[in-house]
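Numbering (our numbering), first residue to last: 47 to 367.
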């Protein structure tokens, strides 16, 4: 039986309709008795503190961390791109435990994962997904020392969770969008048939907005927090109808015993076996988001990957630009 994990990235703190989209998602999950894993940023945690009804609904689910600032510059790979692994760890610890000014990117007092932990106490915050799946080993190790045990960012595994050092790496998501198309359903059933654990990753804000909220950060921090264009009411209604159809399908597959929809992550998994090629692939996938949307190419992150995974690269393998 395939374990099926419904996960959502809760990160749009700028557009008010994203809160309403989250509420609709939570109500639908409750309607069908489905549990999910919600990755929440520090900025969204601060915003959600003003919505007790949504917090009550979220408490029925697993809560994960999605970084303090997500797309605020410097993004994770930018501030962790220093030669010293230890220095990258210390910078990461400071920024992920702080409130990050969304316009300047500066640290402004305590926040981040600390705020999320306090908001959902006594629930433990043990899962993490990097923005854009763009993760850095010393950054992850800093989060592990802050209580993180499970990572959902790496493509080091695609079928089943693997354990390495103090982290359990969950399989890479099989899709990050859902529009209810034939290709979406083909992707869904392929993942269920081929994977031991299938992870679906969705963004509620895209059901009500035409574009991702963080586009305003791609060329640097903006002077003001601009909203994106909303979808039409008919388009939003159609997308939520298709999302509900997905939940009905998942519920059916659960009832016939084909999948187990269970966000409980506490289990024993096999140890990770690495190679130079697998570490290189993992590194290359990790920097795709920062290169594509932020035009950033790191200098030292690759060396951090090989240090973390304790693999010595051959001299012929060079940093790709």
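Note that the Cβ used here is the ideal one computed from N, Cα and C, for glycine as well.
Return the chain-ordered list of same chain residues with a C-beta closer than 7 Å to the C-beta of residue i, the five sequence neighbours on each side being excluded.
i           : result
residue 125 : 137 and 141
residue 346 : 127, 128 and 129
residue 328 : 200, 201, 202 and 351
residue 344 : 123, 127 and 333
Over what stretch of residues does the beta strand (DSSP E) that includes residue i continue unbroken?
i          : result
residue 54 : 48-56
Between which residues of its own chain and residue i is the CB-CB distance below 6 Å, once the five residues before and five after are set aside?
i           : result
residue 108 : 83 and 309
residue 237 : 220 and 244
residue 180 : 123, 332, 335 and 336
residue 318 : 208 and 210
For residue i, is the classification buried or exposed, using 16 other Cβ atoms within 10 angstroms of its Cβ as the cut-off for buried?
i           : result
residue 212 : exposed
residue 139 : buried
residue 256 : exposed
residue 155 : exposed
residue 91  : buried
residue 150 : exposed
Please state the DSSP three-state secondary structure of residue i.
i           : result
residue 365 : For residue 365, the predicted structure reports a pLDDT of 46, less than 50, and the residue's modelled location is therefore unreliable. A value from the coordinates is still provided. Note: residue 365 maps to coil in three-state DSSP.
residue 247 : strand
residue 287 : helix
residue 214 : strand
residue 240 : helix
residue 61  : coil
Cutting at 8 Å between CB atoms, please list the residues of its own chain near residue i, excluding the five before and the five after it.
i           : result
residue 364 : Model confidence at residue 364 stands at a pLDDT of 45, short of 50, so the residue's coordinates are unreliable; what they give is reported in the following sentence. If we look at residue 364 and ignore the five residues flanking it on each side, it has no Cβ neighbours.
residue 189 : 111, 138, 142, 159 and 174
residue 204 : 217, 218 and 241
residue 266 : 119
Could you pull the start and end residues of the alpha helix (DSSP H) that residue i belongs to?
i           : result
residue 101 : 98-104
residue 112 : Element bounds for residue 112: n/a, residue is neither H nor E.
residue 307 : From DSSP, residue 307 is part of no alpha helix (DSSP H) but of the beta strand (DSSP E) over 305-307.
Is any beta-carbon of chain D found at less than 9 Å from that of residue i?
i           : result
residue 306 : Among the chains in the structure shown there is no chain D, since it carries only a single protein chain.
Start-end ranges of the beta strand (DSSP E) lying completely within the stretch 166-237, minimum 3 residues: 208-210 and 213-215
Residue ranges of each alpha helix (DSSP H) within the stretch 113-154, 4 or longer: 122-125 and 131-142
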